[in-house]
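> Using this note's numbering, the letters of the sequence shown correspond one by one to residues 841 to 1461. Just so it is clear, CB atoms sit at the ideal spot from N, CA and C, and this is done for glycine as well.
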Amino acid sequence: MNRTAPIHADALSQVRLLCTTDLHMHLTSFDYGANRPDPSVGLTRTATLIAEARREARANGVLTLLLDNGDSMQGTPLDTLTSADDDGPHPLMQCFAHLDYDAIGLGNHDFDQGLPALEAVLAQASCPVICTNMIPLGDLRIRGLKPHAILDREVVTDGGERRALRIGVMSFLPPQTLGWSAHLPETQFAIEDILVSARATVSVLKREGCDLVVALCHSGLGPAKPRPHQENAAIPLAGLPGIDAVIAGHTHGRMPGPDHHGLAHVDARRGLAHGTPTVMAGTAGAYLGVIDLRLAGDTTGAWQVADCRTALRPIARRRADGRAEALVPEDPALAALLAVPHDRAVRLLDRPFAQIGESLHSYFTFFGSDRSLATVAAAQAAAVRPFLGAGPGADLPLLSVASPGKYGARAGPDSFTDVPAGPLALRHLCDLYVFPNDLQAVIVTGAELSCWLETSASLFHRVRPGSEDSHLVNPEVPGHTFDVIFGLTYEIDLSRPAGRGRVRNIRHAGRPLEPEQRFVAALSSFRASGGGLFRTLRRTPRIDLPVMSVREALRRYLSGETPRDPLDQTPRPWNFAPMPGTRVTVQTGPGATKHLKEIARCGVRSLGYDADGFLCLSIAL
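1. Would you report the Cα separation of A1217 and T1257, rounded to the nearest angstrom?
2. Is the beta carbon of M1388 within less than 6 Å of some heavy atom of the ligand COA?
3. Helix, strand or coil for R1445, going by three-state DSSP, please let me know.
4. Assuming P1430 and G1162 are in contact, meaning their beta carbons sit under 8 Å apart, how far apart are those beta carbons, in whole angstroms?
5. Does the separation of the CB atoms of C859 and A1121 fall below 7 Å?
6. Taking DSSP as the reference, what is the three-state secondary structure of L1398?
7. Quick one: Cα of R843 to Cα of M1095, how far?
8. Does the separation of the CB atoms of P1025 and N948 fall below 7 Å?
9. Rounded to the nearest angstrom, what separates P1418 and V1303 at their Cα positions?
10. Mapping DSSP to helix, strand and coil, what is H1268?
11. Could you spell out where the alpha helix (DSSP H) holding S1043 opens and where it closes?
12. Secondary structure at H1311, three-state DSSP: helix, strand or coil?
13. Determine the contact status of I940 and R1006, defining contact as a CB-CB distance below 7 Å.
14. Is it true that the CB of S1298 sits closer than 7 Å to the CB of A1338?
15. Just tell me which of V996, G1306, Y1330 and G1000 has its CA closest to the CA of R856.
16. Output the distance between the C-alpha atoms of A849 and N900, rounded to the nearest integer angstrom.
17. For A1451, count neighbouring Cβ atoms within 10 angstroms of its own Cβ and tell me buried if that reaches 16, exposed if not.
18. Rounded C-beta distance between H1320 and G1370? I'm assuming under 8 Å.
19. Given a cut-off of 7 Å on the beta-carbon distance, is the pair D1171 and T884 in contact?
20. Thinking just about the alpha-carbon of each residue, which of R1153, V1444, C967 and A1136 is nearest to the one in A1146?
21. Per DSSP, what are the beta-bridge partners of P1462 in this structure?
22. Classify V902 as helix, strand or coil using the three-state DSSP reduction.
23. Rounded to whole angstroms, what is the Cα-Cα separation between P1420 and E1071?
24. Does the pairing of the region 961–975 with the region 1027–1039 give three or more beta-carbon distances under 8 Å?
25. If contact is defined by three or more beta carbon pairs under 8 Å, each pair taking one atom from either stretch, is the region 1226–1233 in contact with the region 1391–1399?
26. Output the boundary residues of the alpha helix (DSSP H) element that contains L1005.
27. Taking the alpha helix (DSSP H) that I1075 falls in, what are its first and last residues?
28. If you check the beta carbons only, do L1236 and F1359 fall under 7 Å apart?
29. Could I get the ranges of all uninterrupted beta strand (DSSP E) runs contained in the region 941–985, with 3 residues as the minimum, in chain order?
30. Identify the residues that DSSP records as bridge partners of S1389: which are they?
31. Under a Cβ-count criterion, where at least 16 other Cβ atoms within 10 Å of its own Cβ denotes burial, should D908 be classed as buried or exposed?
32. Give me whichever residues DSSP pairs with T1295 in a beta bridge.
33. Does the region 1176–1188 come into contact with the region 905–921, if we say contact requires no fewer than three beta-carbon pairs (one atom in each stretch) closer than 8 Å?
34. The alpha helix (DSSP H) spanning A1064 covers which residue range?
35. Could you compute how far the alpha carbon of L977 sits from the alpha carbon of Q1028?
36. Could you round the C-beta distance between T1422 and P1355 to whole angstroms and report it? I think they count as a contact, below 8 Å.
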């Protein structure tokens, strides 16, 4: 934003950037797991906001660009069902073409279906698809993927003059993506540090004559101080010279908004990081990010950002009872475009395949029993156990590790598993297990399990004994890192700081866990590859298994194709260490009200609903 030449008095113009991120295939305003409309999600509603923002811009002679920041291709059955039909049009690319996106970036989850599936999607793209910091090491290339995009556009100045404007667009993945994805061979690709890649690419774009540089940063607002290979690097990225706007994502937060108050170099109210306009539009199409840039042309013909404004426009709001209420209607043309894949998905997912005698939900996953998580763990164990045979895991005890996929947080108060007792349909598998991970098994020691549980327990705040107003869960720690290890029992002592002996009294079969003991642990491919906070798991020995998704293991278990596993009968693995006279505040979804009897032993008190629609409870430790 530093000016190097005098400004032309009449050479003022405006550019509006419209931004989506982390759509996760929420193209329709519908919850496929619950089989009901959901006004809090869906590109069909975001499209209405896009049209409104464009109309405003046109009325004032403002150039508009529409950009997406990745993690758009995975998340709902619309993705998995479409992937099975490679010959048909991909609904995501149909949407992007219909809405006339100018460029899209990739996120880490866009690789979940494998490179051939990704290339098939990219072949249908109507605009540039870019990923800047992924570097091929060999001959393998991802067809249809570009390192950056240069968009040549025209603006009208306040004086009525038409002038060319060249916009460079970059896109960045977290460097950890290579370890998270089983479909990215480390011998064929490298993912550069975001800041290193950005510095080099800004220079390239400036040499190519770009007046503006926009960073699609599929990375969150994390530490302000740069670190090598930083996962959430949006703040230091915004501080690099030559970058005029940052579109962040990955962590599903909101910017501008309340999620990033107190961060160094960040004005969360105005949507600025290091003075650079920065937006993060939540997830699932819940918001449209808007960056308005006021440009000044100098006497050399170059453009400078003279002023900026940022905003998030929501598609829904929360009523006093926590329920979502639409603020805008669905775009009828886009809804019509998606009618065929939507109807097919609803029809296929409603097919029954089993019965359950009790409800499975995740409303109390961080402070009470979670039978949905226990069921996933038992299904994993049942699928792994027949393959232990005479191999390296033959004489070792089998554990199973599961973590919540739907636990509210930034996904909102409706994002909890809630499967009622009775007939099970295929859609319930998506509710019970969100991600398309494969099932794997590793050999671990007692010492490694202790460290694993200690990391998992970092989800919780430290609680002062005798206090009554502490919040239980630390929102800065992703809930999916809370691994529960079935087959063990243990206590979590919240009076101790995270990482410092918080997990105690770890036992297996009633006996204290010994550091040198060895176990087989069934787990997801994401976790086995070091995903989350568990990078050391990448080095653990593997058990050979046939390729099987966790969802398929779950389907076979619930349908009776695989026998009931002994882990299904084990007690709840963990409890909080007792803290008499101490209470904490927890958040859950409005749907928890029908299950409160399950946590009566916690002395539960309702505190009503917060501004985001979560039900707040006070419970005794």
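On the basis of the supplied data:
1. 15 Å
2. Absence of the ligand COA is noted for the structure shown, with no ligands found whatsoever.
3. strand
4. 4 Å
5. yes
6. helix
7. Annotation note: pLDDT 40 at R843 (below 50); position unreliable, no value reported.
8. no
9. Between P1418 and V1303, the alpha-carbon positions lie close to 12 Å from each other.
10. helix
11. That run of the alpha helix (DSSP H) goes I1034 to R1047.
12. strand
13. The identity of residue 940 in the sequence shown is Asp, whereas the question assumes Ile. Taking 7 Å as the Cβ cut-off, D940 and R1006 do not qualify as a contacting pair.
14. Yes; because the gap between Cβ atoms is below 7 Å, this pair is in contact.
15. V996
16. With a pLDDT of 46 at A849, under the threshold of 50, the modelled position of this residue cannot be trusted; read the value that follows with caution. Those two C-alpha atoms are separated by around 19 Å.
17. exposed
18. Incorrect: roughly 14 Å between the Cβ atoms, too far for contact.
19. yes
20. It is A1136 whose Cα lies nearest to the Cα of A1146.
21. With the chain covering 841 to 1461 only, the question about residue 1462 has no answer from this structure.
22. Residue state, collapsed to three classes: coil.
23. 39 Å
24. Look at the beta carbons and you see the region 961–975 touching the region 1027–1039: at least three pairs across the two are nearer than 8 Å.
25. no
26. Note, L1005: premise wrong, no alpha helix (DSSP H); beta strand (DSSP E) at R1002 to F1012.
27. A1074 to A1078
28. Cβ distance < 7 Å, so L1236 and F1359 count as in contact.
29. 943–945 and 974–976
30. In the DSSP output, where bridge partners are listed per residue, S1389 has D1278.
31. buried
32. BP columns for T1295 are empty, so no partner.
33. Short answer: they touch.
34. Run containing A1064: none; DSSP gives neither H nor E here.
35. 5 Å
36. Incorrect: roughly 31 Å between the Cβ atoms, too far for contact.
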